[in-house]
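Let me begin by presenting the structure, written as C-alpha cells, before commenting on it.
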Amino acid sequence: MTTATLSLPAPAKLNLFLHITGRRADGYHLLQTLFQFLDHGDTLHFTPRADGQLHLQPELPGVATEDNLIIRAARLLQQASGTMQGADIQLDKRLPMGGGIGGGSSDAATTLVGLNHLWQTSLSLDQLAELGLTLGADVPVFVRGRAAWAEGVGEQLTPVELDEPWYLVVVPPCQVSTAEIFSDERLTRDTPAITLAAFREHGGRNDCLPVVTARYTEIRNTLILLNKFCEAKMTGTGSCLFGAFPNEREADKVRARLPATLQAFVAKGCNVSPLHALLDKAT
Ligand SMILES: C[C@](O)(CO)[C@H](O)COP(=O)(O)OP(=O)(O)OC[C@H]1O[C@@H](n2ccc(N)nc2=O)[C@H](O)[C@@H]1O
Ligand SMILES: Nc1ncnc2c1ncn2[C@@H]1O[C@H](COP(=O)(O)OP(=O)(O)OP(=O)(O)O)[C@@H](O)[C@H]1O
1 MTTATLSLPA
11 PAKLNLFLHI
21 TGRRADGYHL
31 LQTLFQFLDH
41 GDTLHFTPRA
51 DGQLHLQPEL
61 PGVATEDNLI
71 IRAARLLQQA
81 SGTMQGADIQ
91 LDKRLPMGGG
101 IGGGSSDAAT
111 TLVGLNHLWQ
121 TSLSLDQLAE
131 LGLTLGADVP
141 VFVRGRAAWA
151 EGVGEQLTPV
161 ELDEPWYLVV
171 VPPCQVSTAE
181 IFSDERLTRD
191 TPAITLAAFR
201 EHGGRNDCLP
211 VVTARYTEIR
221 NTLILLNKFC
231 EAKMTGTGSC
241 LFGAFPNERE
251 ADKVRARLPA
261 TLQAFVAKGC
271 NVSPLHALLD
281 KAT
C-alpha cells in the first residue's frame with residue numbers, strides 16, 4: 001500500500017505598516033498592523049504514520065527539533081484532538097529566519113491546517129487559530145489565510161481586500177530577534193490608534209524601524225540603498241525590507257540593480273494565502 005504525501009505551502013507575510021499602541025500587563029505589545037501574504041515561502045511535505053511518532057527533516061541550524069515550531073504545532077494538535085496518528089514531515093526551507101516575514105509562524109500554521117486535514121481531526125479554523133496563538137502572535141493570521149487588519153497582539157483579525165502589487169523583498173545580512181526589539185527601552189509604545197480608512201488615506205509607518213536601524217548597521221545601510229529605487233519599508237521587527245511595484249518587471253528591474261551579494265526576491269502580494277488557495281481548490 002502506498003501512503004499519500006500531502007505537500008503544502010507555508011507562505012511569507014508582510015506587515016504593510018506596524019503601529020505600537022500600548023503594552024499589556026504581561027509585557028506583550030498592543031499593535032495595529034496590516035498583514036498581506038506573498039506567493040513565496042517554504043514547502044512542507046506530510047506523510048502520515050500510524051504509530052503516533054513525529055519526525056522532521058532536515059534540522060534547522062540552531063533550532064533543536066523539539067523546539068521547531070513544526071513539531072510543537074504537530075504535538076499541540078495531537079494533544080488537542082486526541083489522535084493516535086503521527087507523521088513524517090519534510091521541510092523545504094526558503095524563508096530567511098529572523099526576517100520578519102513569519103517563516104516559523106507560517107510553518108506552524110501549515111502544520112496545524114495540513115495535519116488537521118490529513119488526520120481528519122476536524123478542528124475548526126477558530127480552534128486551530130487559538131492553538132496557534134499559543135505558539136506565536138503571528139500564527140493565527142496564517143491559519144485563517146486572509147489578508148487582515150490586526151489589533152490586540154496581532155490576533156484580533158478583520159479580513160480586508162487590498163491591492164495585490166508585486167513586492168521586492170530584500171534580506172539584509174543579519175537576523176533580528178523579535179523579543180530583543182520589543183524589550184528595547186527606546187521603542188515608542190504610544191502611537192494613537194487609527195482606522196483602516198485613515199491608513200488608506202494617509203498610510204502608516206513601522207514603529208520598530210528607529211530601534212532596529214539604531215541596533216543594526218546592515219539594516220540601516222540596506223534601507224538607504226533601497227530608498228534610492230522605491231519607498232522602502234520594513235516588515236515586522238525586521239530584518240526584511242520591501243518596496244511595492246505595479247508589476248513583476250518593475251520589481252525585477254530594481255532587483256537587478258542591487259548588489260549581487262544582497263539576498264532578495266520578487267513575489268506577488270496575495271489577499272488569500274497560497275495555502276488556503278490550494279486547499280480551497282482541492283475541496
Ligand atoms: C512583530 C510581528 O511579527 C508583527 O506581525 C509579531 O507581533 C511578532 O509575532 P511572533 O514572531 O509570532 O512573536 P512571538 O513569538 O509571539 O513573540 C516573540 C516575543 O516578542 C515579544 N512580543 C511579541 C508580540 C507582541 N505583540 N508583543 C511582544 O512584546 C514578546 O517578548 C515575545 O516573547
Ligand atoms: N520552523 C521554523 N522556521 C523558522 N524558525 C523557527 C522554526 N521553528 C522555530 N524557529 C525559531 O523561531 C525564530 C523566529 O523565526 P521566524 O522565521 O519565524 O522569524 P521571523 O520571520 O522574524 O518571525 P516573525 O515575523 O513571526 O517575527 C527562529 O530564529 C528560530 O529560532
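With UniProt numbering applied, the sequence shown covers 1 to 283. We treat Cβ as the ideally placed atom computed from N, Cα and C, and that holds for glycine.
CB contact flag (residue i, residue j, <9 Å)
i: Gly27; j: Leu69; result: no
i: Leu162; j: Trp119; result: no
i: Arg255; j: Val272; result: no
i: Gly98; j: Ser239; result: yes
i: Pro11; j: His45; result: no
i: Pro173; j: Glu155; result: no
Assigned exposure category for residue i - 16 Cβ within 10 Å defines buried
i: Asp207; result: buried
i: Gln57; result: exposed
i: Ile101; result: buried
i: Ile71; result: buried
i: Pro61; result: exposed
Residue i beta carbon near ligand 2 (any heavy atom closer than 8 Å)
i: Asp67; result: yes
i: Ala25; result: no
i: Ser105; result: yes
i: Asp88; result: no
i: Ile101; result: yes
i: Pro9; result: no
Closer than 8 Å: residue i CB and nearest ligand 1 heavy atom
i: Arg214; result: With the sequence shown as reference, residue 214 is identified as Ala, and Arg is not the correct amino acid for it. No.
i: Val63; result: no
i: Gly136; result: yes
i: Val139; result: yes
i: Gly236; result: yes
Residue i versus residue j - alpha carbon distance
i: Arg24; j: Arg189; result: 11 Å
i: Ala197; j: Leu30; result: 20 Å
i: His19; j: Gly236; result: 10 Å
i: Thr21; j: Arg205; result: 12 Å
i: Thr134; j: Leu91; result: 22 Å
i: Gln85; j: Leu95; result: 28 Å
i: Gln53; j: Glu250; result: 47 Å
i: residue 286; j: Glu151; result: Residue 286 lies beyond the range of the chain shown here (1 to 283); nothing can be said about it.
i: Asn15; j: Gly114; result: 24 Å
i: Met1; j: Tyr167; result: The predicted model places Met1 with a pLDDT of 46, which falls under 50 and marks its position as unreliable; any figure quoted below should be read in that light. Each residue's alpha carbon lies about 44 Å from the other.
Bridge partners - residue i, DSSP secondary structure assignment
i: Glu130; result: Glu130 is not bridged to any residue.
i: Arg200; result: According to DSSP, Arg200 bridges with nothing at all.
i: Ile219; result: Answer is none; Ile219 lacks a bridge partner.
i: Gly243; result: Leu168
i: Pro11; result: Gly41
Residue-level contact to chain B via CB, residue i, 9 Å cutoff
i: Ile89; result: The structure shown contains no chain B, having only a single protein chain.
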